[in-house]
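Have a look at the structure below before the remarks.
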Amino acid sequence: MLTIKIDLIAKLKNTSEFMKAYKDGDEKNVFDGKSLIFFSLSNTDLSSRYEISNFLLGKNIDVLCKNKEDETVLHVLLGQRKHDIEKTYRLCERLIEKGVNINEKDGKGQVALIYIIRLNKSDEELEQLYNLWFSQPNLDLTSKDSTGFSAIEYARKFPYRSSLIERMEKYESKRAY
13 MLTIKIDLIA KLKNTSEFMK AYKDGDEKNV FDGKSLIFFS LSNTDLSSRY
63 EISNFLLGKN IDVLCKNKED ETVLHVLLGQ RKHDIEKTYR LCERLIEKGV
113 NINEKDGKGQ VALIYIIRLN KSDEELEQLY NLWFSQPNLD LTSKDSTGFS
163 AIEYARKFPY RSSLIERMEK YESKRAY
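The working numbering numbers the first residue of the sequence shown as 13 and each following residue consecutively.
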């Protein structure tokens, strides 16, 4: 019988299959240079993504490492195509509470906020995530990525981000003093 490794189960299978295969200590292992949570955060089955990831967070999995693309767990989570925004918000909140830096840049120099900007959701739908980001100290809206754009400049490229742009400009004007 072919045995699938726990990292692939976390990424490709449902919560039930993961829980059957999981062994205490799996959360401490590294798979292809990554913590197991990197795999669960990219599970395309939404309920399994959130359930497995929250389970691993409860096991104190390492969330401060990066993958080969220099992405944090926030980049990986927010880089997925489909989301339950309420559950994504709660997961982001837990990751930030565990020390993940919202201003950490990926290999392209992009902060996680740029990943939020790219989500196929309206500003209203993303309000909860925006609130979480803007509640963090020293939110980085102005450092440039490898293409020369900051988060605020990136947002200006999208006509449906007007509410966010207004909020970013207000935030920056307060910081200027």
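Ideal placement from N, C-alpha and C gives every residue a C-beta, glycine not left out.
| query | Expressed to the nearest angstrom, what Euclidean distance is found between the alpha-carbon atoms of Asp-152 and Val-123? | reply | The alpha-carbon atoms of Asp-152 and Val-123 are separated by roughly 8 angstroms.
| message | Whole angstroms are fine: how far does the CA of Ser-162 sit from the CA of Lys-99? | response | Spanning the two alpha carbons is a distance of roughly 27 angstroms.
| query | Which of the three DSSP states, helix, strand or coil, is assigned to Lys-80? | reply | Lys-80 falls in the coil class under three-state DSSP.
| request: Figure out for me which residue from Asn-26, Leu-58 and Leu-48 has the closest Cα to the Cα of Asp-36. | output: Considering only alpha carbons, the answer is Leu-48.
| query | Where Lys-94 and Leu-24 are concerned, what is the direct C-alpha to C-alpha distance, given to the nearest angstrom? | reply | Here the alpha carbon of Lys-94 sits roughly 15 angstroms from the alpha carbon of Leu-24.
| Between which two residues does the alpha helix (DSSP H) carrying Phe-67 extend? | Element bounds for Phe-67: 58 to 70.
| said: I'd like to check one pair, Val-85 with Val-75: are the Cβ atoms closer than 8 angstroms? | reply: Yes.
| field | Coil, strand or helix - Val-75 by DSSP | value | DSSP, read as helix, strand or coil, puts Val-75 in coil.
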